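As structure tokens, the structure follows; a few thoughts come after it.
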Amino acid sequence: MPNNIETEIRSFLSKEQYDRLLDFFKQNAKLLKEDNQETFYFDCAQDLRIQKNDFFAKIWMKGGQIHDAHREEIELRFDRADFEKAEQLFLALGYQVKIKWFRKRFEFDWNGTTVCLDFTRGYGYIIELEKMCSEADKEKEYAALEQKLRSLNVDVTPREEFDRKFLDYKANWRQLTKTPAI
1 MPNNIETEIR SFLSKEQYDR LLDFFKQNAK LLKEDNQETF YFDCAQDLRI QKNDFFAKIW
61 MKGGQIHDAH REEIELRFDR ADFEKAEQLF LALGYQVKIK WFRKRFEFDW NGTTVCLDFT
121 RGYGYIIELE KMCSEADKEK EYAALEQKLR SLNVDVTPRE EFDRKFLDYK ANWRQLTKTP
181 AI
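If you're matching positions, the sequence shown starts at 1 in full-length UniProt numbering and goes up one per residue.
Quick look at the structure:
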């Protein structure tokens with residue numbers, strides 16, 4: 001079975017928790033990358049995004065709904081110099097940018113689990129633990145991720161809180177990030 005299901009668990013963090021966890025993972029995990037990301041979500045029926053980071057650009061689409069614990073993911077990478085062309089292509093096709101995210105990410109391998117510590121301008125501090133797995137293993141992997149998060153003394157933030165905060169960000173991202181209107 002293909003491992004095309006992204007299983008993840010996430011939580012909002014305080015600045016103090018973020019700093020503590022960043023120190024912990026720098027000492028107890030392998031730093032995979034430190035990255036600055038600019039991500040555009042498009043206003044369409046699918047969860048369609050483009051992103052430019054410090055290494056490459058990508059177009060990707062996730063199945064399901066935002067904040068689902070398990071989602072199919074399709075990704076296409078390309079040269080970051082072509083990011084603006086990708087944006088122009090989607091705009092020409094009639095898609096409008098719904099949200100822009102500006103994120104600083106530290107990504108670690110912690111005993112086979114991908115851990116991302118993020119600061120997103122206007123949104124806050126977040127930890128994500130994730131694993132790619134098969135459809136058959138998604139529930140088992142989610143339970144293991146939840147146990148790992150709790151071992152860090154971090155409670156899972158309820159999906160409803162993420163949904164509420166996302167809707168607030170979606171309505172106010174230009175002001176929160178001080179980005180001019182398109």
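Virtual Cβ for every residue (Gly too), placed ideally from N, Cα, C. Just so it is clear, the structure is predicted and the values come from calculations on it, not from any experiment.
{"Asked": "Range covered by the beta strand (DSSP E) that runs through Ser14", "Found": "Per DSSP, Ser14 belongs to no beta strand (DSSP E) and is neither H nor E."}
{"Asked": "Phe42 - partner residues in DSSP beta bridges", "Found": "Val97"}
{"Asked": "Outcome for Glu107 when other beta-carbon atoms lying within 10 angstroms are tallied against a minimum of 16", "Found": "buried"}
{"Asked": "3-residue-minimum beta strand (DSSP E) runs that sit fully inside the stretch 49-81, ordered along the chain", "Found": "57-62 and 70-78"}
{"Asked": "Coil, strand or helix - Thr157 by DSSP", "Found": "coil"}
{"Asked": "Cβ-based neighbour list, residue 241, same chain, cut-off 6 Å, excluding 5 preceding and 5 following", "Found": "As displayed, the chain neither begins before 1 nor continues past 182, which places residue 241 out of reach and without an answer."}
{"Asked": "Coarse secondary structure for Leu167, derived from DSSP in three states", "Found": "helix"}
{"Asked": "Same chain only: Cβ atoms within 6 Å of Gln96, ignoring 5 sequence neighbours per side", "Found": "Asp43"}
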